[in-house]
Every structure is written in structure tokens, then in C-alpha cells.
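To keep things clear, I will list the structure first and then write my remarks on it.
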Amino acid sequence: MSALAKVAYFWRSAASGLRHAPFVHFIAVTTIAIALFSAGLAQALGQRIDGLVGSLGGEVQVTVYLSPGLDEEGASVLRERMEARSGGRASLVPPQAALDRLARELGDLGEALAQLPENPLPPSLELQVPAERRTPGALKALAEELRALPGVTGVDYGEEAVERLSAISRALRYGGWVAFAVVLLATVIIVSATLQLAIYARREEIEIQKLVGATDRFVKVPFLIEGFLQGLLGAAVALGGLVLFERLVGPWMTSLFSFLLGPGGSTPLLEPALALRLLVAGCVLGLGGSFIAVGRFLRV
Numbered sequence: 001m002s003a004l005a006k007v008a009y010f011w012r013s014a015a016s017g018l019r020h021a022p023f024v025h026f027i028a029v030t031t032i033a034i035a036l037f038s039a040g041l042a043q044a045l046g047q048r049i050d051g052l053v054g055s056l057g058g059e060v061q062v063t064v065y066l067s068p069g070l071d072e073e074g075a076s077v078l079r080e081r082m083e084a085r086s087g088g089r090a091s092l093v094p095p096q097a098a099l100d101r102l103a104r105e106l107g108d109l110g111e112a113l114a115q116l117p118e119n120p121l122p123p124s125l126e127l128q129v130p131a132e133r134r135t136p137g138a139l140k141a142l143a144e145e146l147r148a149l150p151g152v153t154g155v156d157y158g159e160e161a162v163e164r165l166s167a168i169s170r171a172l173r174y175g176g177w178v179a180f181a182v183v184l185l186a187t188v189i190i191v192s193a194t195l196q197l198a199i200y201a202r203r204e205e206i207e208i209q210k211l212v213g214a215t216d217r218f219v220k221v222p223f224l225i226e227g228f229l230q231g232l233l234g235a236a237v238a239l240g241g242l243v244l245f246e247r248l249v250g251p252w253m254t255s256l257f258s259f260l261l262g263p264g265g266s267t268p269l270l271e272p273a274l275a276l277r278l279l280v281a282g283c284v285l286g287l288g289g290s291f292i293a294v295g296r297f298l299r300v
């Protein structure tokens, strides 16, 4: 038998095995799909929240409140020191400018500010943080550095929001990997079990092949291909589920993240790199289960 004929036989045999036991293979494909869908969704959401956290440094300014007794020259010197330490750009906001801006943001309620006997707002410096210092850890360290400068009475950069988003991202990522590891073990076991059932159902055919001189490798290859096809189908179902999820839930997520990030801040849930990783993972899962199953061929 030529190599091309062998390859054609292996694929025909694998396809025949899938057709003869559809329910058993359906369980394996469904299990793989659930595992990959869960892992892919957790990773995609984690990446999106990471992008949100990374953008906060540019969208949310680091506001440094200055001592009311600091004169304009002292504020200018402090601004230069802040820019040198952070690598960003800072602008001075006088108390009256801050009060006027607050009145505009409050709308009709802003008229009440005109009744105040004095301006309660201190002068401040608004710092635009460079991209490399927009992580939660870097922002926290920068805030501590700025608080230590003379003439600084307080620093605000939305610390609570940044830390919460970072915690959610970590939880999604780690939770997704833990869940994937648990389902991974169950998936390999189920794939192995389904192929062992397929082997048992075709034990007479296998015995005949061995009697006519077929090697163990020749007998095992179709079942390895079956496992590969199970993984490939499971990955395809998982990708379809992610696409459906994005179409149904995507508009709501886009509006939410657009509000937080501004125009152009949304990214596709299913990126090509993630889709490729899920396809590879599906094939590996299917082959892993099939290797375990065919390892018992000689005892069939």
C-alpha cells in the first residue's frame, strides 16, 4: 500500500468511526468545546479589562493638590520636578479656574458655588501619565513619590477604580486558568473513554487487521486522527460560541467600554491570536486523550 493510499485509508477510517458512534463522540466534542469556550471567554475579558486599566493613566489625570500658601514660582518649580520624575506633562490649575470648572460640571447646581464666602479649592497640578507608568503598581508608586514632595498636600488618581479593575482582571485570568485546568483533566479522561469505547466496538476489525499483518502503529493512527478531529470540532464549536456571545452581548459591552474608554476604545472580543490558540489547544486535547486510549491497544 502506497503512502497516499495509507493516508486516505486512515482518514476514511477515522471519519467512519465518528459516524458509527456519533453520540459518544458528541460528548467528547461538547466537553472540549465547553473547556475552550470558558478559557477563551475568561482570557478575552481579562485582556479587555487590562486594556481599560492601561488606558486609565491617559484618561484619568493624576491630580496633585498643592499647599494654599505656595506661590506661582514655587508651583512652577514643583511642576518641573513632577514632570522630571514622571516623564509626563503637568499643567497648573489655579483655585478660581478649578472652581469655575466645577460650576460648569454641576450645571444648574453650580450657581450655589457663587454663594460661598471663599473658594475652598486649593491650587493643583494635573499630570498626564506616560503609557509605561499607567499600571496600577506604577501609578501607586508615582503617587507616593509625589506625596513626598514639599508643597504637596494630596494626590488623587482614581486609585480605588484602578485597583478594582486590576483585581477583576486577575480574578478572571486566574479563575479561567484554574477552571480550564480542571475541565482539561475531565476532557482528556472523557476523550480517552470515548475512544476506548470506539476501540472496543471495533475490536473484531482490529483483530482481523492484526491477523493479516497490520502493525500496531497502522491500527492506532485512525484513532489518533479521531481524537484530533474531536479536538478540532470542539475548538470550532467553542469559537462559534464566542462569536455568538460577542454578537449577542457585544453591543452592550461595547457601549460600556466606550463610555469608560472613549471613542475607539473597544476591541474585538475574539482576536485572531486567541482563535489560533484555541484551535491548537483543541487539537492538543483531542490528541492527548487519543494517545491515552491507544496506549491500551495491545491489551484489547
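Residue numbers (the UniProt record's numbering): 1 to 300. Just so you know, even glycine gets a beta-carbon here, dropped at the ideal spot from N, CA and C.
Using a Cβ-Cβ cut-off of 7 angstroms (strictly less than) and excluding sequence neighbours within five positions of residue i, which residues of its own chain qualify?
i	result
residue 95	119, 121, 122 and 123
residue 25	18, 194 and 230
Using DSSP with H/G/I as helix, E/B as strand and the rest coil, what is residue i?
i	result
residue 63	strand
residue 215	coil
residue 71	coil
residue 19	helix
residue 7	helix
residue 93	strand
residue 175	helix
residue 129	coil
residue 137	helix
residue 87	coil
residue 282	helix
residue 151	coil
Does the separation of the CB atoms of residue i and residue j fall below 9 angstroms?
i	j	result
residue 152	residue 78	yes
residue 142	residue 62	yes
residue 233	residue 33	yes
residue 198	residue 226	yes
residue 229	residue 18	yes
residue 85	residue 45	no
residue 188	residue 88	no
residue 193	residue 35	no
residue 113	residue 106	yes
residue 126	residue 90	yes
residue 286	residue 191	yes
Rounded to the nearest angstrom, what separates residue i and residue j at their Cα positions?
i	j	result
residue 68	residue 140	24 angstroms
residue 273	residue 100	48 angstroms
residue 283	residue 167	32 angstroms
residue 184	residue 65	52 angstroms
residue 213	residue 277	40 angstroms
residue 109	residue 38	47 angstroms
residue 210	residue 9	16 angstroms
residue 206	residue 219	7 angstroms
residue 29	residue 224	15 angstroms
residue 300	residue 201	With a pLDDT of 47 at residue 300, under the threshold of 50, the modelled position of this residue cannot be trusted, and the question is left open.
residue 178	residue 281	15 angstroms
Please list, in chain order, all residues of the same chain as residue i whose beta carbon is under 6 angstroms from its beta carbon, the five residues on each side excluded.
i	result
residue 242	40 and 270
residue 352	One cannot answer for residue 352 here, as it falls past the ends of the chain, which runs 1 to 300.
residue 128	88 and 89
Ordered along the chain, which non-local residues of its own chain (more than five positions away) have a Cβ less than 8 angstroms from that of residue i?
i	result
residue 104	110
residue 70	78, 123 and 151
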